[in-house]
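In the numbering used here, the protein residues as written are 5 to 181. Even glycine gets a Cβ: it sits at the ideal position worked out from N, Cα and C.
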């Protein structure tokens, strides 16, 4: 009889610890995915975008993400805001640290009325989910949408834009500053 037959759910790390301590337990590694498992204090904001990436009006819904690039021998971060209507990069910022300041700087560079934005969608990174960004979204009455945990496809437009930016532009040049 194995752990699954007994109704036990576990993860690889847990099973390896058990098998090291007890030689009577099977030495097979079993991965069981438990989609209901949430980290303590995990945020429960829904994915309102639901991979519907085509929009009929400009500035209706924005997606955003961060990526890292090497410049002058050190790692730097780039934050982009993308309008789903035409895939235009409408806000950006860069910096040495991956935090809420880089996101708020990108928001401040958006040259459109923020009141037009109905939905702001990102992944679940801490740089997007914090009090500073909460204040901006509440001030302009923008609904927040977060990707499903561990699912980059929910933010595919931002991910693809970052990849294109890196492969088409950044990897071909030597960034000095």
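- Task: Using the Cα positions of residue 64 and residue 78, report the straight-line distance between them to the nearest angstrom.
- Result: About 36 Å.
- Query: In its own chain, which residues sit with a C-beta less than 6 Å from the C-beta of residue 136, not counting the 5 before and 5 after it?
  - Reply: 104 and 108
- Task: Pick out whichever of 120, 118, 119 and 149 has its Cα sitting closest to the Cα of residue 132.
- Result: 149
- Message: Output needed for residue 37: all residues of its chain with C-beta closer than 6 Å, excluding positions within five of it in sequence on either side, in chain order.
- Response: The predicted model places residue 37 with a pLDDT of 45, which falls under 50 and marks its position as unreliable, so this point remains unresolved.
- Message: Taking its Cβ as the centre, do 16 or more other Cβ atoms sit within 10 Å of residue 112, making it buried, or is it exposed?
- Response: exposed
- Continuous alpha helix (DSSP H) stretch holding residue 116: start and end: First-last for residue 116: undefined, no H or E at that position.
- Span separating the alpha-carbon of residue 55 from that of residue 165: Approximately 15 Å between the Cα atoms of the pair.
- Task: Could you check how far apart the C-beta atoms of residue 129 and residue 114 are, in whole angstroms? I think they sit under 8 Å.
- Result: At roughly 19 Å, the Cβ-Cβ gap does not stay under 8 Å, so residue 129 and residue 114 are not in contact.
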